[in-house]
Structures are given as structure tokens and as C-alpha cells.
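*Asks:*
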Amino acid sequence: MNNVLTKPNKKFKFVLILGLVANFWLAYESYELHKLKTAFNTIQISEPNPDLNKQIASLKKEVLLMNKVQQKYQNKKIAIQTSKIAAQQKEIAAQQKEIETQKQKIAQLHGEIRNLNVDKGVKVDKEVVEKILLKNPEIVIQSIAEYRFQEEQNFSNNDKKVIHNNYEQLYQNTQDPYIGNKNGTQLMVEFIDYNCDSCKRFSKTAQKLVANNPNLKIIIKEFPVFGETSGSSYGAKIANALYLKYPQKYYDFHKLLIDHTGDLTSNIVKVHLKRVGVTISDLEPLLKDSESNIANNKILAEKIGVNSTPSVFLGNEKINQLSYEDIQKKLDSINS
């Protein structure tokens, strides 16, 4: 029996140890809970700042004030610009008034000079004339302007003579293609390059002129200006050859080339040629004739002063204003 009391069995030892562990764990949990409570009690909860709304309101006022200042600055800037424009307009009006005054003076002085009546033997005082010119230099300026105008007229007359001397080659070359009325008596000539942007724009005008003037014949002078290897040079050669063999197909082909957007290459020319039902081999016998005609166009261009495209002629005149309205007026004046 003593052995039983003094030597506890293994089961009793395990229960004893388990109890000790449980007590230790409870003590540890109590300690941790105490720490949490202490930490919680030390937290100071900050209350909302009562001035926060005032600060926000103040910031809003500042923003509104800045917007007003900026708007005021913009309005002032606009007012200054408006004032400058008004001042400039006033200055222009003053200048125009001064010009009118000078014109009146010039007219008056011209009258005085005419009244000197030099033809009747009245001696003109050189000093008087010099004083008049020095006091009124605008007379000299107008005289120079009139001189230049007369020179331009003389130059224009010389141009007309040159055109008249080359009229047959300009207007009556049967190898040149055309658009419009084959038998039209109103004749116009256009030197073109298919890669020329101005030619592409004028093409619209030419088509409108043909549509509204049934008696108009526009002769096309193939005149490539971008070099022998350019796509437009190849296009000119093919177009002229096409006209020589299939004149009825020329207009459609010409329109495909001139309406093409972007750079015209030889490959694109061949594509457009197929679209009108013709192949390069069909035109080979006439390519030399086409090249010869284009060479003759270049010689003619040099004679009559053509060095760019489009260059347009009507009668014995080279047309410088290429708008539809300007050319139509000229055509109307010929008809009247």
C-alpha cells in the first residue's frame, strides 16, 4: 500500500502536468488581456477640428477671388487689343485720306504742267520744275509706274507677235491631242505635266470650260518638266502615242493620268493604260513619233517663253489668270 502512495502511477503524473500547463496558459491570456486594456485606455481619440469648415470656406473664397482676377485680366487684355485694332483702323483711314489728297495734288499739278503750254513756245523755268518735283515726289513715283506699265504693254505686244509667228505650230499641229469639240473654232492651248499639282487643279477648270462652251477645243501640249526619267515623262509619251492610234480613247486615259493623286510612276501609267483596253505593245510602233512630237513641243515652248506648267494660250495671248471666271470672260468677249 505504501508503494501505491509513494510512487504515483504514470496516469496521475500526466494529469498533474496537464493541469500545470492549463494554469500557465490562463495566466498568460490574462496578462495579454490586461495589456490590451491598458493600451486601449491610453488611446486619445482626436475630436474633429471645429475650424476645418472655416478653412475650406476660406480656400473657396480665395479660388473665387483668383478666378475673378484672372477674368478681369483677360477682359483688360481684350480691351487693349480692341483699342489697338481701332487705332490701326484709324491710322489706315488716315493713310487712305492722305492718298486721296496726294492724288488730288497730282491731278492739280498735271493740270498746271499742261497749262505751261510748252508747244506754244513758252519757256519753262527749270528751277520751277525742280521745286515742283522736290515738293511733290509722288509725281516721279507715278511717272515710274506709268513707265513700267508702258513697258509691260510693249512686252505683251512682243509676246503677241511671237505667238502669232508660231501660231500654226501652236494651234494646228495634227499630232497634238485635244479635249472638247474636235471641230471647235474657239481654240485654247495648254502645256501640261501629269505630275504638276497646278495642272491637276486647272484640269477641273478645263473640264468645266469644255462643258459650258460647246464650241471650245483645248489642245493639249504634252510638256513633261520633271526630267526624262520621270513617270510624267513616260505618261506623256504613252498618252501622245495613244492619241495617234486610238484618238477616241485619249480623253479617258488623259483623265486617269491627270486625276491621279500622288506621284505618277511608269507602272501606274501602264495600269491606267490597261483600264482603257490598250497594251504597251499596241503603241510601240508610234512611240518614236510621240517622242518626236514632245521634243517639238519643247522647242516651241522655248520660242514662246513657256518654262512651267500649266501654261495656257488663247488666240495671240498667254493667259496668266487661270480661274474659270477670268477665262470665261475672255471667251465671252471673243464671242461678242
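In numbering that gives the first Met the number 0, the protein residues as written are 0 to 335.
All C-beta atoms, glycine included, are put in the ideal place defined by N, C-alpha and C.
What you are looking at is a predicted structure, and each value in this text was computed from that prediction instead of being measured.
1) Among Gly314, Lys297, Leu313, whose alpha-carbon lies nearest the alpha-carbon of Asn306?
2) Under 7 Å Cβ to Cβ from Asp196, same chain only, skipping five residues before and after it: list those, please.
3) Nearest-angstrom Cα distance between Asn334 and Val311?
4) Does the stretch 205-212 come into contact with the stretch 243-253, if we say contact requires no fewer than three beta-carbon pairs (one atom in each stretch) closer than 8 Å?
5) Considering only C-alpha positions, which residue in the set Met187, Lys236, Asn165 is nearest to Gln327?
6) Between the alpha carbons of Ile267 and Ser232, how many angstroms are there, rounded?
7) Under 8 Å between the Cβ atoms of Val214 and Gln185?
8) Please classify His163 as buried or exposed, where buried requires at least 16 other C-beta atoms within 10 Å of its C-beta.
9) Could you check where the beta strand (DSSP E) with Leu215 kicks off and where it finishes?
10) Taking C-alpha atoms, which residue in Asp175, Lys134, Gly183 lies nearest to Gln101?
11) Could you give the first and the last residue of the continuous beta strand (DSSP E) run that contains Leu186?
12) Would you say Gly226 and Leu263 are within 8 Å of each other, going by their C-beta atoms?
13) Starting from the Cα of Leu169, find the closest Cα among Asp331, Leu299, Glu126 and give me that residue.
14) Given a threshold of 16 other Cβ atoms within 10 Å of its Cβ, counted over all protein chains shown, does Gln152 qualify as buried or as exposed?
15) What runs of the beta strand (DSSP E), each 3 residues or longer, lie entirely inside the stretch 212-276?
16) What is the rounded straight-line gap between the Cα of Ser222 and the Cα of Lys273?
17) Considering only C-alpha positions, which residue in the set Gln174, Ile191, Asn66, Ala85 is nearest to Val224?
18) Just to confirm the assignment, what range does the beta strand (DSSP E) spanning Ser336 have?
19) Taking C-beta to C-beta, are Ile257 and Cys198 nearer than 8 Å?
20) Can you give the beta carbon distance from Leu285 to Ala235, rounded, assuming they're within the 8 Å contact cut?
21) On a Cα-Cα basis, can you pick out the residue from Leu255, Ala205, Lys160 that is closest to Asn180?
22) Label Asn66 either buried or exposed according to how many other C-beta atoms from any shown protein chain fall within 10 Å of its C-beta, with 16 as the threshold for buried.
23) Can you name the residues that DSSP bridges to Ile178?
24) With a Cβ-Cβ cutoff of 8 Å, do Val177 and Ile219 count as a contact?
25) Can you tell which of Arg200, Ile279, Gly314, Asn319 has its C-alpha closest to the C-alpha of Thr260?
26) DSSP on Ser291, reduced to helix/strand/coil?
27) Using DSSP's beta-bridge definition, name the partner residues of Leu313.
28) Buried or exposed: where does Leu58 fall if 16 or more other Cβ atoms within 10 Å of its Cβ makes it buried?
29) Comparing C-alpha positions only, which one of Asn295, Ile131, Gln95 sits nearest to Gln174?
30) Using DSSP with H/G/I as helix, E/B as strand and the rest coil, what is Pro136?
*Replies:* In this structure, then:
1) Lys297
2) none
3) 19 Å
4) no
5) Met187
6) 13 Å
7) The residue you asked about is not Val; residue 214 is Asn in the sequence shown. Contact: yes.
8) exposed
9) 215-221
10) Lys134
11) 185-191
12) no
13) Leu299
14) In this predicted model, Gln152 has a pLDDT of only 47, less than 50, meaning its place in the structure is not dependable; the value taken from the coordinates is given anyway. Per the 10 Å Cβ criterion, exposed.
15) 215-221
16) The sequence as given places Phe at residue 222; Ser does not occur at that position. Rounded to the nearest angstrom, the two C-alpha atoms are 23 Å apart.
17) Ile191
18) Shown here, the chain extends from 0 to 335; a query on residue 336 therefore has no answer.
19) yes
20) With 8 Å as the limit, Leu285 and Ala235 do not qualify as a contact, their Cβ atoms being about 13 Å apart.
21) Ala205
22) exposed
23) Ile217
24) At residue 177 the sequence reads Tyr, which differs from the Val that was named. Yes, the Cβ-Cβ distance between Tyr177 and Ile219 is below 8 Å.
25) Arg200
26) helix
27) Met187, Glu316
28) exposed
29) Asn295
30) coil
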